[in-house]
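Read through the structure below, which is laid out as C-alpha cells, and then see the notes.
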Amino acid sequence: MTGDERWIHTPPRESATFDRATIAEIHRAAATGIYDIRGFGAKRKLPHFDDLLFLGASISRYPLEGYREKCGTNVVLGTRFAKKPIEIKIPITIAGMSFGSLSAPAKEALGRGASAVGTSTTTGDGGMTEEERAASSLLVYQYLPSRYGMEPDQIRRADAIEIVIGQGAKPGGGGMLLGQKISERVAAMRTLPAGIDQRSACRHPDWTGPDDLEIKILELREITGWEKPIYVKVGAARPYYDTALAVKSGADVIVLDGMQGGTAATQDVFIEHCGLPTLAAIRPAVKALTELDMHRKVQLIVSGGIRSGADVAKALALGADAVSIGTAALIALGDNHPRWEEEYRKLGTTAGCYDDWHEGRDPAGITTQDPELTKRLDPVAAGKRLANYLSVLTLECQTIARANGKSHVHNLEPEDLVALTVEAAAMAGVPLAGTNWIPGRGPQD
Amino acid sequence: MAAAREGARAAHDARNTDLDLASLSLRQANETLQKAEAGSFVVANPRGAHALAAGLTNPLDVTINGHVGYYCGGMNQKAHITINGNAGTGVAENMMSGRVHVKGDASQSAGATGCGGLLIIDGNASARLGISLRGLDIVVKGSIGHMAAFMAQAGTIVVLGDAGDALGDSIYEARLFVRGKVKSLGTDCIAKDMREEHRTLLRSLLDAAGIGPEIDVAEFTRYGSARKLYNFHIDNLGSY
Numbered sequence: 004m005t006g007d008e009r010w011i012h013t014p015p016r017e018s019a020t021f022d023r024a025t026i027a028e029i030h031r032a033a034a035t036g037i038y039d040i041r042g043f044g045a046k047r048k049l050p051h052f053d054d055l056l057f058l059g060a061s062i063s064r065y066p067l068e069g070y071r072e073k074c075g076t077n078v079v080l081g082t083r084f085a086k087k088p089i090e091i092k093i094p095i096t097i098a099g100m101s102f103g104s105l106s107a108p109a110k111e112a113l114g115r116g117a118s119a120v121g122t123s124t125t126t127g128d129g130g131m132t133e134e135e136r137a138a139s140s141l142l143v144y145q146y147l148p149s150r151y152g153m154e155p156d157q158i159r160r161a162d163a164i165e166i167v168i169g170q171g172a173k174p175g176g177g178g179m180l181l182g183q184k185i186s187e188r189v190a191a192m193r194t195l196p197a198g199i200d201q202r203s204a205c206r207h208p209d210w211t212g213p214d215d216l217e218i219k220i221l222e223l224r225e226i227t228g229w230e231k232p233i234y235v236k237v238g239a240a241r242p243y244y245d246t247a248l249a250v251k252s253g254a255d256v257i258v259l260d261g262m263q264g265g266t267a268a269t270q271d272v273f274i275e276h277c278g279l280p281t282l283a284a285i286r287p288a289v290k291a292l293t294e295l296d297m298h299r300k301v302q303l304i305v306s307g308g309i310r311s312g313a314d315v316a317k318a319l320a321l322g323a324d325a326v327s328i329g330t331a332a333l334i335a336l337g338d339n340h341p342r343w344e345e346e347y348r349k350l351g352t353t354a355g356c357y358d359d360w361h362e363g364r365d366p367a368g369i370t371t372q373d374p375e376l377t378k379r380l381d382p383v384a385a386g387k388r389l390a391n392y393l394s395v396l397t398l399e400c401q402t403i404a405r406a407n408g409k410s411h412v413h414n415l416e417p418e419d420l421v422a423l424t425v426e427a428a429a430m431a432g433v434p435l436a437g438t439n440w441i442p443g444r445g446p447q448d
Numbered sequence: 042m043a044a045a046r047e048g049a050r051a052a053h054d055a056r057n058t059d060l061d062l063a064s065l066s067l068r069q070a071n072e073t074l075q076k077a078e079a080g081s082f083v084v085a086n087p088r089g090a091h092a093l094a095a096g097l098t099n100p101l102d103v104t105i106n107g108h109v110g111y112y113c114g115g116m117n118q119k120a121h122i123t124i125n126g127n128a129g130t131g132v133a134e135n136m137m138s139g140r141v142h143v144k145g146d147a148s149q150s151a152g153a154t155g156c157g158g159l160l161i162i163d164g165n166a167s168a169r170l171g172i173s174l175r176g177l178d179i180v181v182k183g184s185i186g187h188m189a190a191f192m193a194q195a196g197t198i199v200v201l202g203d204a205g206d207a208l209g210d211s212i213y214e215a216r217l218f219v220r221g222k223v224k225s226l227g228t229d230c231i232a233k234d235m236r237e238e239h240r241t242l243l244r245s246l247l248d249a250a251g252i253g254p255e256i257d258v259a260e261f262t263r264y265g266s267a268r269k270l271y272n273f274h275i276d277n278l279g280s281y
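Going down the list, the sequences are from chains D and V. Residue numbers for the first sequence follow my numbering, so the first one is 4 and each next one is one higher. Residue numbers for the second sequence follow my numbering, so the first one is 42 and each next one is one higher.
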C-alpha cells in the first residue's frame, strides 16, 4: 500500500453542462415523453436585485432618523384618467392569482393580509369570489384573455381593472388548469364541465394590437363611467415598446412582470427560457415613460422575484411606483413551510422545493381545491402572516430609504445604487461599484 | 319579470328619446342610456362610434340608425339594441342578457365570450364569431368567417349560410347549427346527429330571430365537440 491507490480512479466530477438536474430532466423526458409542467417561477440564477447595493448616506447625502423622521410609503394609482384613483398605504400590492389555482381560503387570506396593511389584492382567471371581495378593501379585477367568470357586475364591484396581456413566467403563454383542480365550484364559475382541463387563452378574443387595445380600454371606461383605474399588465419581453404602447392605449397604470414572476402552472422550459429578468426590464420601461413625460403620471408596478424590503427599495429606486408580489405572498401564507415536510417527502419533494402547484395536492392547502387540504389553511391566521410579512417589507424599505436621506420611498433614485456585476450595472443602468462605469453608456450619458 | 319589462316599456313608448351623436359626446350618450331605467331611445349619427350603448343594465329599447364601431352593446344586460347598419369588431361582446340585432353585417369577434341573451345578425359575420362563447345564443342569417366558435364553452350558434375554415376549433359544450356548407371543421369539432331536442332548440331560436317556417330545421347540420381533447394526453399531440 503506497497510499496512491485512491488516485487510480479520478474522483466523481459533475459536468457543468450536464449537471445532475439536467441529467435528471433527460431521464424524466425519456421516461414520460412529455415536457415538465410546474408552478413557481424561474429557478435558474439570474441577474437580480441582489446584484445591486445602496450607497447610503455620506458627507454629501445626509440620512433621516429612523423611528423619528417620517418616510412616506403611500402610492396613488390611476391619476391619469380615472375619476377614482386608489391609494395604497404601502408600495407593495398582491398580484393576480386565480380562485381555481388557489383555494378559497387562500384568496380570502390574501385579501385579509393586504387589507390589514392598506394595500390591494387582485383577482385572476375565473372571476371574483365573494370571499375575496368581502376580505379585500381594495380589489383589482383582472380582465384576462380567457374571460372565465368575467361579468360586468363584477367589474363594477372592483376598485380597479387590470387588463392582462401577459405575465413574466410565460410571456406569450396562456394557462392550463388541470382537471384535478376543477371542482364543481371552479367549473361553474368558468362555465365548463368539472374535471376537464381548462385552457386559458393566450390572446384576447376581441382585440389584437395597440390600436384595438385603446378601444377596449375605452369600452371598459364607458362601462364603468370612467371611474376606475385601468392597469395594463405585460410580461417583461419588450418593456420599452410595451410601456410606450400601453401609454398610447390609454392605460392609467402599467404592471411589468419579470421572468422570475410565478405561475400556477406552465412548462418548465417556458418559465426558464422566455422573458427578461425583472432587473433588466425596469429601466427601459421607465425610459419610455420619461420620454413620454408620463413617469409618475402613469404609474409603474413592477413584479417578479420581489422577496425583501431591499428588493422593494431597489425596484422603486430604478423608477417603479410600486411592486407586486405573488410567490412571496403564498410563501407568507404557508407555502413550502417546513411543518409539512413529511407530506412534501411523500410527494417526492421537500419544503423549499415544492412547485407542483398544478397537481392540486398542496399539503399547505393553498394551491389546491381538495376540501380536506383546503381546510388546513385558516384564512385569518394566514392573512395575519401575510400582513406581518408586508409590514416587514415596508419597514425594511423605509430603513433603506431613510439611510439614503429620503422622506418618501419614491424619492429613492438610481443615483443611490451601485452594481456588483457588470451585467447588473448594464441592466440597471447604475455604475459598477467603485467605478463610474455604466456598461453601454458613455461617462456623460 | 317579462310583464314588468313590458309594462316599463309601454310607459315610455309614447316618447322616443333622441340621442344625436352629431351634437352629443359618446360619454353623454352612453351615460344617458346607462342611467335610464326604461324607455325607448333612438341614436342618430353614430358614425362608427366605438363602445356605443355598452354596459347597459336596464330593459331599454335602443335603436341606432347608422354604422357602429367596436363593441357596440358590449356586456349588455337586459336592453334590446337594434343597429340599422353594420357593426364593427366585438358587437355584443360578453353580453349577459337582452338582445342585440344587427340589421347589416358584423365584423369579427361578434358575440365574443357572450354569456346570455340573443344576438341576431341579418347579414354576414366575419371571423371568430362567438369565440369563447359562454351561453349567448347567436343567429346569423348570412354566412360566417373562419374560426367561429373557437373554444366556445356554452350557448348556441345558428348559421343560415355557410361557415368558413376551422369551425368550432377546440370547442367545449357550445352547440352549432349550420344550414350551408362548412369549409372545414376545427380540431375536436364533429358533425352530430340531430335529435328532437336539437330540432326544438333550433326552431325556437329561428322563431326568436323572426325566421319563419319556410326555413326547415331539417336543412341544418349540428356540430359540436368530440370531447377527445378535454384532458391533455400525449397521444393526442398531433391534434394540436
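Even for Gly, the Cβ is constructed at its ideal location relative to N, Cα and C.
Starting from the beta carbon of residue i, find every residue of chain V whose beta carbon is closer than 7 Å, and list them in chain order.
i: residue 182 of chain D; result: 272
i: residue 150 of chain D; result: 135, 154 and 173
i: residue 49 of chain D; result: Under the 7 Å cutoff, chain V gives no residues; its nearest Cβ is about 29 Å from residue 49 of chain D.
i: residue 365 of chain D; result: The premise fails here: residue 365 of chain D is roughly 20 Å from chain V at the closest Cβ pair, so nothing lies under 7 Å.
Determine whether the beta carbon atoms of residue i and residue j lie at a separation below 8 Å.
i: residue 414 of chain D; j: residue 59 of chain D; result: no
i: residue 227 of chain V; j: residue 208 of chain V; result: yes
i: residue 177 of chain V; j: residue 218 of chain V; result: no
i: residue 80 of chain D; j: residue 232 of chain D; result: yes
i: residue 161 of chain V; j: residue 190 of chain V; result: no
i: residue 265 of chain D; j: residue 42 of chain D; result: yes
i: residue 252 of chain D; j: residue 217 of chain D; result: yes
i: residue 250 of chain D; j: residue 167 of chain D; result: no
i: residue 528 of chain D; j: residue 259 of chain D; result: One cannot answer for residue 528 of chain D here, as it falls past the ends of chain D, which runs 4 to 448.
i: residue 120 of chain V; j: residue 143 of chain V; result: no
i: residue 103 of chain D; j: residue 126 of chain D; result: no
i: residue 62 of chain V; j: residue 86 of chain V; result: yes
What in chain D is Cβ-close to residue i, meaning under 9 Å?
i: residue 169 of chain V; result: 208 and 209
i: residue 111 of chain V; result: 209, 210, 215, 218, 219, 221 and 222
i: residue 275 of chain V; result: 35, 36 and 37
i: residue 67 of chain V; result: 221 and 225
Could you spell out where the alpha helix (DSSP H) holding residue i opens and where it closes?
i: residue 113 of chain D; result: 107-119
i: residue 391 of chain D; result: 382-406
i: residue 203 of chain V; result: That residue, residue 203 of chain V, is in no alpha helix (DSSP H); it is neither H nor E in DSSP.
i: residue 312 of chain D; result: 312-320
List the residues of chain V whose Cβ lies closer than 9 Å to the Cβ of residue i, in chain order.
i: residue 2 of chain D; result: This structure cannot speak to residue 2 of chain D, because chain D is shown only from 4 to 448.
i: residue 200 of chain D; result: 270, 271, 272 and 273
Anything in chain D within Cβ reach of residue i, meaning under 7 Å, just list it in chain order.
i: residue 78 of chain V; result: What residue 78 of chain V touches in chain D: nothing, since even the nearest Cβ is about 16 Å away.
i: residue 73 of chain V; result: Per Cβ cutoff of 7 Å: no residues; residue 73 of chain V is ~12 Å from chain D at best.
i: residue 96 of chain V; result: 155, 225 and 226
i: residue 116 of chain V; result: 155 and 226
i: residue 150 of chain V; result: 208 and 209
On the criterion of 16 or more Cβ atoms from any shown chain inside 10 Å, does residue i qualify as buried, or is it exposed?
i: residue 10 of chain D; result: exposed
i: residue 65 of chain D; result: exposed
i: residue 434 of chain D; result: buried
i: residue 276 of chain V; result: exposed
i: residue 21 of chain D; result: exposed
i: residue 361 of chain D; result: buried
i: residue 113 of chain V; result: buried
i: residue 182 of chain V; result: buried
i: residue 447 of chain D; result: Residue placement at residue 447 of chain D cannot be trusted, given a pLDDT of 49 that sits under 50; the coordinates are not used to answer.
Tell me where the beta strand (DSSP E) around residue i begins and ends.
i: residue 236 of chain D; result: 233-238
i: residue 121 of chain V; result: 121-125
i: residue 216 of chain V; result: 216-219
i: residue 270 of chain D; result: 266-270
i: residue 142 of chain V; result: 140-143
i: residue 80 of chain V; result: 80-85
i: residue 246 of chain V; result: Per DSSP, residue 246 of chain V belongs to no beta strand (DSSP E); it is in the alpha helix (DSSP H), 237-249.
i: residue 106 of chain V; result: 101-106
Under 8 Å between beta-carbons, which chain D residues line up against residue i? List them in chain order, please.
i: residue 91 of chain V; result: 218, 221 and 222
Could you list which residues in chain V have their beta carbon closer than 8 Å to that of residue i, in chain order?
i: residue 204 of chain D; result: 173 and 192
Subject >> Selection of the stretch 207-231 of chain V by Cβ proximity to chain D, strictly under 9 Å >> reply: So the close ones are 211, 213 and 214.
Subject >> Selection of the stretch 6-22 of chain D by Cβ proximity to chain V, strictly under 7 Å >> reply: none
Original post:
Any residues in the stretch 191-204 of chain V with a beta carbon nearer than 7 Å to a beta carbon of chain D? Which ones, in chain order?
Top reply: 192, 194 and 195
Subject >> Proximal residues, the stretch 169-197 of chain D versus chain V, C-beta separation under 7 Å >> reply: 182, 194, 195 and 196
**OP:** Select from the stretch 175-189 of chain V all residues with a C-beta closer than 9 Å to any C-beta belonging to chain D, and list them in chain order.
**Re:** 175 and 176
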